[in-house]
Structures are given as structure tokens and as C-alpha cells.
Amino acid sequence: MQTSEIKYTVPKSIKKDTVFTFCPGCDHGVALRLVAEVLDELNLREKSVAIASSGCSVLLYDFLDVDCIESPHGRACAVATGVKRAHKANGSDKFVFTYQGDGDFASIGLGESLHSALRGENITAICINNTNYGMTGGQMGPTSAMGQITTTSPTGRNKEYHGFPIKTAEHIALCDGVSYSARVALYDIKNIINAKKTIKKAFEYQLEGLGFSFIEILSSCPTNWKLSPSEAHKKIENELTKTYPIKVFKDIKETPNV
Amino acid sequence: MSEKELLKGNIAIARSALAAGCSCYFGYPITPQTEIGEFLSYEMPKRKLAYVCAESEIGAINMALGASATGAKVMVSSSSCAVSLMQEALSYIASDELPVVLVNVMRAGPGQGHIYPSQGDYNQAVIGGGNGDYKTIVLAPSSVQECVDMTFRAFYLSQKYRNPVILLLDGMLGQMAEPAIIKDNPYPETDNSSWVLNGANQRPAREIRSLEPNQNKLIRHIYEMNKKYKALEANETDWEEYQTQDADFILTAFGTMARSAKAVCNYYREKGIKCGLFRPKTLYPFPFERLRELTKTTKKFIDIEMNMGQMLRDVRLSILSNVQISFIGKPVGDWLSESEMIGAIDNIIKDCYANI
Amino acid sequence: MYKSFIISGSGGQGVISMGNALASIIMLNDFFVSLCSSYGAEMRGGAVNCEINMSDSEILSVRNDKVDYVVALNQTSFDKFISKVKENGTIIVNLSLAKVNKIRDDIKYISAPLTQEAINLGNIKITNSIALGVLLKVLGGFSYDNIKPVFEKLLKNKQNMIQKNLEALKLGLDYVLDKE
Chain A
1154 MQTSEIKYTV
1164 PKSIKKDTVF
1174 TFCPGCDHGV
1184 ALRLVAEVLD
1194 ELNLREKSVA
1204 IASSGCSVLL
1214 YDFLDVDCIE
1224 SPHGRACAVA
1234 TGVKRAHKAN
1244 GSDKFVFTYQ
1254 GDGDFASIGL
1264 GESLHSALRG
1274 ENITAICINN
1284 TNYGMTGGQM
1294 GPTSAMGQIT
1304 TTSPTGRNKE
1314 YHGFPIKTAE
1324 HIALCDGVSY
1334 SARVALYDIK
1344 NIINAKKTIK
1354 KAFEYQLEGL
1364 GFSFIEILSS
1374 CPTNWKLSPS
1384 EAHKKIENEL
1394 TKTYPIKVFK
1404 DIKETPNV
Chain B
229 MSEKELLKGN
239 IAIARSALAA
249 GCSCYFGYPI
259 TPQTEIGEFL
269 SYEMPKRKLA
279 YVCAESEIGA
289 INMALGASAT
299 GAKVMVSSSS
309 CAVSLMQEAL
319 SYIASDELPV
329 VLVNVMRAGP
339 GQGHIYPSQG
349 DYNQAVIGGG
359 NGDYKTIVLA
369 PSSVQECVDM
379 TFRAFYLSQK
389 YRNPVILLLD
399 GMLGQMAEPA
409 IIKDNPYPET
419 DNSSWVLNGA
429 NQRPAREIRS
439 LEPNQNKLIR
449 HIYEMNKKYK
459 ALEANETDWE
469 EYQTQDADFI
479 LTAFGTMARS
489 AKAVCNYYRE
499 KGIKCGLFRP
509 KTLYPFPFER
519 LRELTKTTKK
529 FIDIEMNMGQ
539 MLRDVRLSIL
549 SNVQISFIGK
559 PVGDWLSESE
569 MIGAIDNIIK
579 DCYANI
Chain C
1280 MYKSFIISGS
1290 GGQGVISMGN
1300 ALASIIMLND
1310 FFVSLCSSYG
1320 AEMRGGAVNC
1330 EINMSDSEIL
1340 SVRNDKVDYV
1350 VALNQTSFDK
1360 FISKVKENGT
1370 IIVNLSLAKV
1380 NKIRDDIKYI
1390 SAPLTQEAIN
1400 LGNIKITNSI
1410 ALGVLLKVLG
1420 GFSYDNIKPV
1430 FEKLLKNKQN
1440 MIQKNLEALK
1450 LGLDYVLDKE
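Chains as they are written, first to last, in the working numbering: chain A, 1154 to 1411; chain B, 229 to 584; chain C, 1280 to 1459.
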């Protein structure tokens, strides 16, 4: 049997000579690579505008080789609405997606996110859910799980002090303007392959003009979780997926709006 | 053929925006500017232009941020307390050097205040309500015709300097109707092909961002912005003077207050008293230099505003030390009539004139 | 020449439309004009008024301490604005909805049952056009032929209302007024 040489290739949509500056073991690098691969496969690099926001996700524009604009914290979906609509008014259709953290998408920016979903803006939002505010050093976020210890929930998240976490993909799936809403994870090869397929589907739905498509990516944050990268992935597999199941919550092609 | 029409200030702005080539409007209702959004919600879809009833003013201004990055002419309108909500994004827009036109039809404050007309947001517009070293071009119309002319100018300046422009008027002007003519856009189009985001096709990818981890780059960026502001101050400062040549005292006022002040000028001139008027048409850049020149010949200035003295700060900064400055104003939301102005001015100048 | 007007009534009486019509007539007769209307919460079913200035030179002050003419379409308006009439000015009162309480003797009172006249003509909504006719008659200088094209233009989207409004306007212009 002949073994062919496997070459590591960098997707065209990743900037040349990029060195990811995320923490060791952080899933952002994997997520961004998947996005870049899908952009390549769908031939979207030249017609894309990406929206970065605040937090670790903002570094998107250091790595992706597509036109990028940064939005104020939480407003990525509003900025994406403006980009998409302005191009449409100008007679051109661009591929527009946001790349945001969970604090950005589901806490400070929930209003903009939810209303873009309700309006059925024909954009794609990617939300990296690492269950805390990563860039500022691991504070409790809207998605921190019950009992999770963070720098602002030192004895663990509890309902008396902090209330409950938001299940973003489930909520977004309830909006009629949404074509696709799913949660994926990146803790093993199987899930990474599934995540890529899901991202591709969400992108294709935008290309078909079906409305707002959404992917929540459960990601590790080893530095702030104070775990090794593999322990962090185990935590996602064994604990977080109980709160945040890996699932497609809405696919308009399978279950149209009533 | 453009002909004279009876137009409300708000409608004049909306119509002129369309005539200037505005292709995107994002808004949220608030009195006294709601007609702008209502009118455009009817007209823009007919022309397949972008109109979004935003979920909030925060949503609206951020949609504008995104839309302007494509090179589109973008307008957002709102009023006072809701313009406060937009300050964060305005700071980003200024740093990103994006052309957005923001109309603030001022109502009374602070806080929710009420819908009565006011000039209470001079400070917010001119000094800036957002964080960081940035400037917003501020135009202050005083008639419906100027609402038309300055809307065209706002789009032009925003594109030319890649800078946010605020059209600042009080609720009375937004709501009042006067004959005005909307002609074709008098300004040339600006080439923006070197910076817009329309897909990295046969060119390197572009970034529009305010975050700059490299300290030196950030500092350079701010220096570059500052150069632009110096150019603005040198080239775009605009004002109106009325009988200032031989004036014993000069009234300073902007917007609708300057109209009444002009009538007051006429009143004094008829009595043989030499009164003049100085009206800044651009609040930023403020006509400091011209006002300073005037203080060489006129030693008494009276600033009139529908607030507790906001432009007064810039008037004070303009003048030489041996000049007397008085202030006439009422709290925001309380219209200052011609006769009230005269009463107050009489009090200030009574020692100098026997015939008052 | 400088003349100022206040038109006042309650929401639904067509105060703003009447102000708009008057201002348009003034503009199309080549005078300078300004029209300021009450706006926002205060007009939701409440009191509505507008202030109009007419001049042969540029209008600077748009708000007046006192005006030459007040049209009061209801009692609240009469009570509120009688003090705003200039000395020797005129107040036109809608007798159907207001009593003329002559608390001042330095102004002229003109009254007519405007709402009742509109009902007699078959549509209560044209009260404002009758009032406008009366006001223009008192003001003088404007003829029916002169005003008709303005009405046709203003009502171009309500073709079915043009005829009724013109009838109302004519009734107002021809009204026999008992000046007191």
C-alpha cells in the first residue's frame, strides 16, 4: 500500500505566516481555522465581510484574510445588519458573518443579537461559548454553568446571587427569522468534523437567502478554567454538554415555521 | 424643476438626505424627530434603499457604523436623551473614520426631560459625549432652508473628511414649516474606493478597527486624526455676521435663537443703537479666530442660548481679556422670546445709552 | 406688513391642516411665512394649536408674545388664548363649542357656529375649512379663485374631499359676520 504524503496546508482565508496568539489549548484557533476552511470551500473569501466584536474573538481580523470591521462590544449583529443592508441597497450581495464571544452575543449584545434573529437578517452569527469572560481574566459570564467557579463567582455560580445561565442556541431557535440554529463542540475529532459541517450549512443557508443562521461553539478556556488543554476538553465532554447539549435546535428545511 | 415648497424642518432633512444620495437610514422613534423616520420608511423601500426600524438607538447607530463601512451614505436621526445612547458608537465611528450623518433634533433634558425644544446638547455634540480624543463636525441650521442646505453639506463633509457629522437643531425647527427649495446635490462625490469593505477581491483584505494593541500605531493614528481636525478648522469653519462692522455690542447665538437675535438687532438699529449679530454655522469647527478679531473693535458681547450657557464657553475662549461677556438664557425647553431678549439686553446696556 | 395668527382647538378638529392651508396660501401669494405647530404628547387627543406668521420681509422671530388673530375652535382655546390677542386684534370663536366671554374690550370678537355649519353641509370634518374662509374674509385680500388652487393641491390625495372643502371655504368666505 502506498502512503501519500500529507501536507499541512493553510487555508487561503487565513493570513499568511499567521501565528495564533490565543492561549495554549484555546479552541478559538480551531474554530477560526474551520471558518477559514469553509470560506475557502464555498469560495467566499472575496465576497465576505466579517464582523469582530470585543473580547478574545476580536482578534479575528489578525488571522482571517477577509475584509473585517470591528463593532463596539455586543453590537456585531447590528453592524452586520448595516453592512448587509447597505450592500443590498447598492445592488450587491455580500457574505456577512459575525464572530463573537458568549458575553458579547448573549449578554451585553443580546438585544442586537435577538432582534437581528427576529428580523431574519440574512447573516450568520458564530458565538464562541467558553462560559466566561476570557480576555479580562475569567469572570462569570451569562453562560457560566451552575456551580462554576470564576473570579467573580469565587464560591461557584449559584441561583441566589447570580441566577441562571442562558442557553443561547435554544433561545435563538425560537425566533421565526432564524433559518438554522445549532450548538457544536470542538473537544474531539468527531465533534470538530461535525462543527465544520454545521458551519458550512449555516453559511449555505445565508447564501440561499433563508435568513439568520446561528452556530454556538462550545469552546475551552484552559487558562481561565485553570485546567490543562485535555482536562478542559474533558470538562466540556463530561460536564458542560449536560447544560449545553450538542444539537441542531432549528433547521428551517426540516421544520418550517408554523 | 425644484420649486418653493412649504416644508417642515424634519421633512426637509429627510427629503434632502434622499436628494444627497443617502441609501441607508436606521432609526428608532423619539419626539420631536420621528417624522424623519416615518417619511423615509415610506420613501426608501420604494427605491429599494436600506431602512431598518432598529431595536434601539444603540442598534441604529451600530447599523450605521456597519453600513458606512461599505461606502454608503448613511443617516441616523434621534433626539437628545436617545443621542446619549449613541455616544459609544460615535467614538468608534470617529476612530474608524467612517462617514455617518447623525441628526439631533434637540429636546429638553437632562435625562428624559420633555419634548419641548432646547439647545441643551451643544456640549455633548461639540465637546463630544464619547471617550477618547475625537471631534465631530457639528452644523447648526437656523431655518428650514438651512436644514436643506446643511443636510447636503453634512453628507459631503462626512465623506470628504471620513468623519461623523452631527446636524444639530432644536425641536422647534424640526417641527416648524417654512418655504424652502430642495435643489440637486451641489457637492461632488467623494472617491472612497481605497477603503470600503466590499470583499477582498484582487486586493489585500482590509480592516476597519479602533482596537490597536500597538501603542505607537495607536498614537500615530491619533496624530493623523488630529491633522484632519486641523484641516477642518482651517477650511470648513463657517459663520454668519450681521451688522458687526460698527457694532458697539455683538450678540452671539446659534440655531433658532440666532433668528430672534437678528430681529433684536434690527430693533436696536432702528433706535440708533449699534447692535450686531455673530452666528456660528459650524459649532465644530467653531469660528474662534473671527470672533477674536471682532473683539479688537467691539468690547461688549452678549451670548444668547436656549440653555444655561453652553456655547458661552466657546465664546469666552475666543475673546481677548478686556472684553465684557454677558449671558442671556433660559433652561432647556423654555423658549426665549424676542421681547424677553430685549428686556434682558436693556438691563445689560442701560448704563451706556440714554434712550432705553 | 407683518401679521400673526394662532389657530387652536382639540385633536381631530383639523387645526394643523388649517394652519398648513393658511401657510400655503400665504406662501403661494409670495409672502414670507412660518408655521409652528404643537407636537408630540400634547396633541394626542389633547389641545392642539399652531402659530403662523405672514410678512413681506424675512421672518426672524417665529414665536410671538401676542398675535393679531386667534381662531378658537373650542372653549379651552378661547379661554387660553384670549390673552394672547394684540390690542385691536381679533378673536374668531366657534360658537358651537365655545361661549364668548368678553373679558377684554380692546379686541374684536367674531363668532359663528362653525361646527353646526359643517354638520349642515354634511360633514363635521370640514369645520376647519369654514373657519379658514371666515378668517380669510376678516383678513381680506384673498379671493376664492386665489385660494382654490391651493386647496386642490393640498388635497390631491383626497380627491373626494376637494369639493366639500371648497364648499365649506366658500361658505366661510361669504359668511355674514356680525362684528361686535
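Every residue, glycine too, gets a C-beta built ideally from N, C-alpha and C.
Residue environment for residue 1331 (chain C): buried (at least 16 other C-beta atoms within 10 angstroms of its C-beta). The beta carbon of residue 1397 (chain C) sits closer than 7 Å to the beta carbons of 1403, 1405, 1406, 1409 and 1447 from its chain, once the five residues preceding and following it are set aside; these are given in chain order. Each residue's CA atom was taken as its position, placing residue 1386 (chain A) and residue 1341 (chain A) some 8 Å apart. When the beta-carbon positions are compared, residue 235 (chain B) and residue 376 (chain B) come within less than 9 Å of each other. DSSP places residue 511 (chain B) inside the beta strand (DSSP E), whose first and last residues are 510 to 512.
Taking residue 1445 (chain C) as reference, the option from C:1377, C:1379 and C:1412 with the minimal CA-CA separation is C:1412.
Under a criterion of Cβ atoms nearer than 8 Å, the residues of chain C adjacent to residue 490 (chain B) are, in order, 1339. The three-state reading of DSSP puts residue 563 (chain B) in coil, since its state is none of H, G, I, E or B. Taking a 10 Å sphere around the C-beta of residue 1391 (chain A), we find fewer than 16 other C-beta atoms and assign the residue as exposed. Around the beta carbon of residue 361 (chain B), fewer than 16 other beta carbons sit within 10 angstroms, so the residue counts as exposed. Boundaries of the beta strand (DSSP E) around residue 407 (chain B): 405 to 408.
Chain order gives the chain A residues near residue 280 (chain B) as 1234 and 1238, where near means a beta carbon separation below 7 Å.
Counting the other CB atoms within 10 Å of its CB gives residue 1172 (chain A) a total below 16, which places it among the exposed residues. Close to residue 1165 (chain A), with beta-carbon spacing below 7 Å, lies no residue of chain B; the smallest spacing is near 10 Å. Residue 494 (chain B) and residue 1311 (chain C) have their C-alpha atoms some 17 Å from each other. Contact check between the region 553 to 570 of chain B and the region 1291 to 1302 of chain C: fewer than three CB pairs, one atom from each, fall below 8 Å, which does not count as touching. The beta-bridge partner set that DSSP reports for residue 423 (chain B) is empty. Short of 7 Å from the beta carbon of residue 1318 (chain C), and not among the five residues preceding or following it, lies no beta carbon of its own chain. For residue 1318 (chain C), the nearest CB of chain B lies under 9 Å from its own CB, placing it at the interface with that chain.
The beta carbon of residue 1159 (chain A) does not come within 9 Å of any beta carbon belonging to chain B, so the residue lies off that interface.
Residue 1342 (chain C) counts as buried, since at least 16 other C-beta atoms from the protein chains shown sit within 10 angstroms of its C-beta. DSSP, reduced to helix, strand and coil, places residue 380 (chain B) within a helical segment of the structure shown. Residue state for residue 387 (chain B) is assigned as helix, using DSSP reduced to three classes. 9 Å or more divides the Cβ of residue 1338 (chain A) from the Cβ of residue 1367 (chain A). Taking one beta carbon from each stretch, the region 435 to 449 of chain B and the region 257 to 265 of chain B have fewer than 3 pairs nearer than 8 Å; the two do not touch. One Cα belongs to residue 1179 (chain A), the other to residue 1212 (chain A), and the distance between them is close to 13 Å.
DSSP places residue 373 (chain B) in the helix class (H, G or I) of the three-state scheme. In the structure shown, residue 1410 (chain A) falls within a coil segment according to DSSP collapsed to helix, strand and coil. Residue pairing of residue 293 (chain B) in beta bridges, as defined by DSSP: absent, with no partner found.
For residue 345 (chain B), the enclosing beta strand (DSSP E) stretches over residues 342 to 345. Per the coordinates, the alpha-carbon of residue 1161 (chain A) lies some 56 Å from the alpha-carbon of residue 308 (chain B). Residue 406 (chain B) sits close to residue 372 (chain B), with the two beta carbons spaced by under 9 Å. Scanning the region 1160 to 1229 of chain A from its first residue to its last, the whole beta strand (DSSP E) runs of 3-plus residues come out as 1201 to 1205 and 1220 to 1223. For residue 1242 (chain A), the C-beta contacts it makes with chain B under 7 Å involve 251, 252, 276, 277, 278 and 300, in order along the chain.
Residue 1348 (chain A) does not reach chain B, its nearest Cβ partner there being about 24 Å away, counting only Cβ pairs nearer than 7 Å.
If you ignore the 5 residues before and after residue 472 (chain B), its C-beta comes within less than 8 Å of the C-beta of 478, 504, 505, 506, 522 and 526, all in its own chain and listed in chain order.
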